[in-house]
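Numbering (my numbering), first residue to last: 7 to 77.
Below, the structure is given as structure tokens:
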């Protein structure tokens, strides 16, 4: 199940974390150029005020738990 949790939004885009897949490895955190990602309850979370929506985090996830929804 994908759930939007404290994720950055851009226009009609929402970043999603698949709670059933994300295991908190931190790969996305290591690649974020703005340090906008953190872990909360073993899930990746994007800080809205820091995220520039570069999307570097999405392909970094080894289990494809990150995605975007919208335009």
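Idealized CB from N, CA, C, for every residue including glycine. As the structure is a prediction and not an experimental result, all values here were calculated from the model.
For residue 56 against residue 41, the beta-carbon gap comes to about 7 Å, under 8 Å, which counts as contact. Under the DSSP assignment, residue 50 falls in the beta strand (DSSP E) whose first and last residues are 49–52. With fewer than 16 other Cβ atoms inside 10 Å of its own Cβ, residue 36 counts as exposed. Between residue 43 and residue 30, the C-beta gap is not smaller than 8 Å, which leaves the two residues out of contact. Closest in C-alpha terms to residue 58, from the list 33, 39, 23 and 27, comes 39.
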